[in-house]
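Sequential numbering from 41 applies to the sequence shown in this note's numbering.
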Amino acid sequence: MARNGRYAHIVGWGMYVPAHRRTNDEIAAMVDTSDEWIATRTGIKERRIAAEHESTATMALRAGEAALEIASLAPEALDLIIVASATPDYLFPASACIVQDKLGADHAGAFDLSAACSGFVYGLSLAAQAIETGAIDTALVIGSETLSRFVDWKDRKTCILFGDGAGAVVLAGRNQRGGVLSSTLRSDGSGGELLLVPAGGSRHPASLETLANNQHTIKMLGREVFRFATRAMADAARVVVEKAGLTFDEVALVIPHQANSRIIETATRMLRLPEEKVYMNVERYGNTSSASIPIALCEAVEEGRVQPGDNLVLVGFGAGLTWAAAAVQWAVPWPVVPQPPQQRVLWRARRVFARLRSGWRRVGRRIWGALRWLQGKRGQPSAEE
Ligand code: UT7
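Spelled out as structure tokens, the structure:
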């Protein structure tokens, strides 16, 4: 896919998941289900639930910081930050801007990307293309979700599936072949109603009525999504392998969106792949939407299942409907050379400084606003004049 001889390599990766685990048994105490049903129909054993002080942006920040540290890249060197999320902190500003501010990434553009569970691969593909054209040189691509805040904890068809977390990669331009070799992005909006949160946007803004009708939580026609998912994953994976000039024999590992072990197993059979070539960690985190692929990528790397020179296929599907895949050639050896202690201290100091500076800027803006207001007051003619 490279143009100008530039390739977008993954040079850093990181993940963050909340500490609190919610097991199937705990969910079985809330709705009419069982550990056995959930485990056999989905493969999920537990998922993480964000604490009150955590949100999509705070988790994205933690994953992003970890990825930058592995890449040994200072936040000021970033050109672009993309946060893929279906559950951003606000409609606006973008969660990516919150991350940019807290990182102190002063030279980076930042935006959120809404493509549900395919969002991370969409972001990876767009950032890679921007690097290949020479428009930018580095990018931080994050998938982060706080789905637990949009789950209807009384609906057993959906509440068993979702979890919270974030995963990130740093992309950097290099002249040697590798990195993101090919990608495909697809959509079919006619399937929009299969998986949606009906209210809270401009079509049905929040109101007492939308609240009373429970329209701010995830609604899903699971069986239809299941059927679409298996076909979409297999098709997209085939497309990117072919586009990259590879065969599946040359692919070391497929890292699919972790929605349901049965979906992954069906797609694996459709692609005639041996099980060990397909990564799965859905049992530990459930479906974390846009975060699931980068979280799985981080764990695969740290388990030693990804080696320099390996070809990977990342493939996702989700609401929209959307689906996407990317073929990636890995370049970085694991374990990475540990950073000297002084370097770690420097990273920590950098983080503290970025947070402080963000605080100063906020306070400064308020003081400036107050001064302007006072100035305006003084300059205004009084009522008697
Ligand atoms: O990132 C993309 C997001 N979404 C997905 O990937 C979801 C894709 N779909 C799925 O993963 C599966 O369709 C589900 C796990 C959601 C459901 O599994 P299924 O095998 O398709 O079950 P089903 O919806 O066909 O339901 C079978 C039965 C129904 O009972 P009846 O009508 O046959 O009597 C459901 O009411 O299972 C019942 N059921 C449950 N029973 C116990 C549905 N959910 C539960 C539950 N516990 N949690």
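Don't be surprised by glycine CBs; every beta carbon is placed ideally from N, CA and C.
Owing to the predicted nature of the structure, the values given are computational and were not obtained by experimental measurement.
DSSP, reduced to helix, strand and coil, places N351 within a strand of the structure shown. For V341, the closest C-alpha among the options G54, G45, Q415, R46 is that of G54. Listed in chain order, the non-local C-beta contacts of L234 below 8 Å within the same chain comprise M260, L261, E264, V265, F268, A359, L361, local neighbours out to five positions each way being set aside. Looking at the DSSP output, Q369 shares a beta bridge with G219, N351.
Per the C-alpha coordinates, the member of T224, D275, D141, G326 positioned closest to L164 is T224.
For Y319, there is no enclosing beta strand (DSSP E), as DSSP marks it with neither H nor E. When DSSP states are grouped into helix, strand and coil, P115 belongs to the helix group.
Sixteen is the threshold: when 16 or more other Cβ atoms of the shown chains lie within 10 Å of the Cβ of P128, as they do, the residue is buried. Here the alpha carbons of I407 and G326 stand approximately 46 Å from one another. As computed with DSSP, H93 is found in no beta bridge at all. Nearest Cα to K317 within the set I295, E323, M310: I295. The segment 72-81 and the segment 348-356 do not touch, with fewer than three beta-carbon pairs separated by less than 8 Å.
In the three-state DSSP reduction, S165 falls in the helix class (H, G or I).
Between D192 and T257 the beta-carbon gap is near 4 Å, inside 8 Å, which marks them as a contact. Taking the CA atoms as reference points, L113 sits about 13 Å from R391. Note that the segment 83-94 does not touch the segment 235-246; fewer than 3 beta-carbon pairs, one per stretch, sit closer than 8 Å. Taken through DSSP and simplified to helix, strand or coil, R62 comes out as strand.
Residue state for Y56 is assigned as strand, using DSSP reduced to three classes. Taken in chain order, the whole alpha helix (DSSP H) runs of length 4 or more contained in the segment 255-299 are 262-283.
The Cβ atoms of F160 and A331 sit closer than 9 Å to each other. Annotation: the continuous beta strand (DSSP E) that includes L211 extends over 204-214.
Cβ-Cβ separation between V403 and W374: approximately 42 Å, too far for a contact (criterion under 8 Å).
Contact annotation, A366 with D204: C-beta distance approximately 24 Å; criterion of less than 8 Å not satisfied. In this structure, the alpha-carbon of M273 lies about 16 Å from that of G231. Taking 9 Å as the cut-off, the Cβ atoms of Q140 and A126 do not count as close. With contacts defined by Cβ atoms closer than 9 Å, S227 and K283 do not form a contacting pair.
No Cβ-Cβ contact shorter than 9 Å links V377 with A206. When secondary structure is reduced to three states using DSSP, F160 falls in the helix class. A direct Cα-to-Cα measurement between A106 and D195 gives close to 35 Å.
Secondary structure note for E339: its alpha helix (DSSP H) is the uninterrupted segment 332-342.
Burial check for P381: the Cβ neighbour count within 10 Å stays below 16, so the residue is exposed.
A distance criterion of 8 Å places the beta-carbon of N327 in contact range of the ligand UT7, judged by its closest non-hydrogen atom.
About 5 Å separates the CB atoms of P334 and G183; that is less than 8 Å, so the two are in contact. Considering only A277, I138, E290, the residue with the shortest C-alpha distance to R309 is A277. With a cutoff of 8 Å, N44 does not count as near the ligand UT7, since its C-beta is closer than that to no heavy atom of the ligand.
In the three-state scheme derived from DSSP, where H, G and I count as helix and E and B as strand, F132 is classed as coil.
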